[in-house]
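To keep things clear, I will list the structure first and then write my remarks on it.
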Amino acid sequence: MLKITNPFFIAIIGMLSLAIVMGIGRFAYTPLLPYMEEENLTPLTAGVLATTNYIGYFLGAYGARNIVNRQKAFYTGLWINILTTTIMGLTEFFSLWLILRLISGVTSGLVFVLVSSIILDKLNKSNRLGLSGFFYGGVGLGIFLTGILVPTFELIMNWGLIWVSLGILGAMMGVFVSLGLNNEENNSKESITQKTNVREEHFTIQKRKTIHSLYISYACEGFGYIIFGTFIVSMLTSTTSIGWHPSYIWAIVGIGAIPSCLFWSWLGNKISIEKALCIAYTLQIAGVVLPIVSVSDLAILFGALLYGGTFMGITTLTITLGKSLSVGNSQNLIGGLTSVYSIGQVFGPLTAGFIITEGNYFNAFLLSGIVLIFGLASLLITIYSRKDEQIYAIR
């Protein structure tokens, strides 16, 4: 096993991990959904399948909070996730799909929390936490790959073989990740609970307000963003006649997501993470409602870019802010934030699925925008209700 200590390459390993479990394991479902709907899926059953995945994501994220041996659990979750992606293409039984998407969700949530904790701790020790933006760009990389590969593979194979092919791609990246991340485990439960910080105690009340605001806004983000993320390709396939294959819109989302984390990290360092979060939420709200305001190719393109350019940026800023608020206990707070995020994701597609069953994509996407506005309001109230604002910037 290689022992990589260079912060940049550590960020790459984390980036590939997120590409596997998030970009492919979770989000390949979006461009593949229209092809699966041609078989026996309805908008409601598609929403149920997505919700099952997000329930698993919640369970995995919540369970990861107190894991001591992070890297052993990380490797196990990574390879089980790859396996579930592959098996999705080998069966057409809906009940088995539910089980596979549940397990995929559990391992996605588990790996996301653990790899975030591992990579951010390593970057923080190297004083290179700014590379977190590069690390979280892995989700965008995976989305871009699925957005390009799914419609390309569809020309030569059915959707089942596409799932298998994506699983093989994930396995290839997984080998590199397994070889690259060394086995040093510096995050024992004892070390987590014993670390203290005088400055942290001084800002206890202020930090608590910010943490509560993060929990509320991140839960709203989970609900609001996932409706677009689950149903945008299906909506375009069913209701519009754009000038390109609808699945390519998912690649555009990925293009927006890949560099976005670096940009939002830079902006958070420049103006404060909280203010950058407010800007990101505002742009995302515009992105999710654009496709229902106008069905022109340009509006859909900009909507996808705004969505892709913000949803992982919001995650990057939220998790990094959480890291700065919980020195020595990042795994617990990251797990908590990811848990409320996934609760939002559970109810988002299920609610939208009921709405879309009536053939009304407009109301589903409008609901997405309204919930995101509530998330933005939570942040704004917190920022402007404090007289002495403490700025937590990415170092």
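Each residue of the sequence shown is one higher than the last, beginning at 6 in the working numbering. Think of the CB as a built atom: it goes at the ideal place given N, C-alpha and C, for glycine as much as any other residue.
- Here DSSP, grouped into helix, strand and coil, assigns Glu279 to helix.
- A check of alpha carbon separations from Tyr34 across Ile18, Leu134 and Gly52 identifies Gly52 as the nearest.
- Between the alpha carbons of Leu282 and Val298 lies a distance of about 24 Å.
- Three or more beta-carbon pairs drawn from the region 78-90 and the region 165-173 are found closer than 8 Å, and the two stretches are therefore classed as touching.
- Judged by DSSP in its simplified three-state form, Leu46 adopts coil rather than helix or strand.
- Excluding its 5 nearest sequence neighbours in each direction, Glu42 has C-beta neighbours in its own chain below 7 Å: Ala51 and Ser239, listed in chain order.
- Within the region 104-166, complete alpha helix (DSSP H) segments of at least 4 residues are found at 137-158, given in chain order.
- Counting only unbroken stretches of 4 or more residues, the alpha helix (DSSP H) elements lying wholly within the region 31-97 are 34-42, 48-68 and 75-92, in sequence order.
- Annotation for Leu186: no alpha helix (DSSP H) segment contains it, and DSSP assigns it neither H nor E.
- Residue state for Ser252 is assigned as coil, using DSSP reduced to three classes.
- Contact check between the region 68-86 and the region 347-366: fewer than three CB pairs, one atom from each, fall below 8 Å, which does not count as touching.
- In terms of CA proximity to Ile284, Phe268 leads the group Leu295, Phe268 and Pro296.
- With contacts defined as CB atoms closer than 8 Å, Thr321 and Ser270 qualify as a contacting pair.
- Glu226 is the residue among Glu226, Phe181 and Lys328 whose C-alpha sits nearest the C-alpha of Tyr286.
- A check of alpha carbon separations from Ser373 across Pro296, Ser252, Ala256 and Leu219 identifies Pro296 as the nearest.
- Inter-residue distance for Ile319 and Phe158 is about 31 Å (C-alpha atoms, whole angstroms).
- Beta-carbon to beta-carbon, Leu107 and Gly28 are separated by about 19 Å, too far to satisfy the 8 Å threshold.
- Per DSSP, the unbroken alpha helix (DSSP H) holding Ile15 starts and ends at Pro12 to Leu23.
- Measuring C-alpha to C-alpha distances from Gly114 to each of Gln336, Leu371, Thr387 and Tyr389 identifies Gln336 as the nearest.
- A check of alpha carbon separations from Trp255 across Leu371, Tyr312, Tyr389 and Trp164 identifies Tyr312 as the nearest.
- Between Gly341 and Arg70, the beta carbon gap of about 7 Å places them in contact (Cβ cut-off 8 Å).
- In the DSSP assignment, Gly28 falls outside any alpha helix (DSSP H), carrying neither H nor E.
- In the DSSP annotation of this structure, the continuous segment of the alpha helix (DSSP H) that includes Asn368 starts and ends at Tyr366 to Tyr389.
- One alpha carbon belongs to Thr315, the other to Ala382, and they sit about 17 Å apart.
- Between the alpha carbons of Ile375 and Ser131 lies a distance of about 40 Å.
- Taking 8 Å as the cut-off, the Cβ atoms of Ile18 and Gly185 count as close.
- Check the Cα spacing between Ser218 and each of Gly327, Thr356, Gln289 and Met317: the tightest is with Gly327.
- CA-CA distance, Pro251 to Leu136, rounds to 33 Å.
- Between the alpha carbons of Phe139 and Ser347 lies a distance of about 23 Å.
- Under the criterion of beta carbons closer than 8 Å, Ile257 and Leu288 do not qualify as touching, at roughly 15 Å.
- Judged by DSSP secondary structure, Ser329 falls within the alpha helix (DSSP H) whose first and last residues are Asp302 to Leu330.
- Taking every protein chain shown into account, the CB of Arg213 has fewer than 16 other CB atoms within 10 angstroms, so this residue is exposed.
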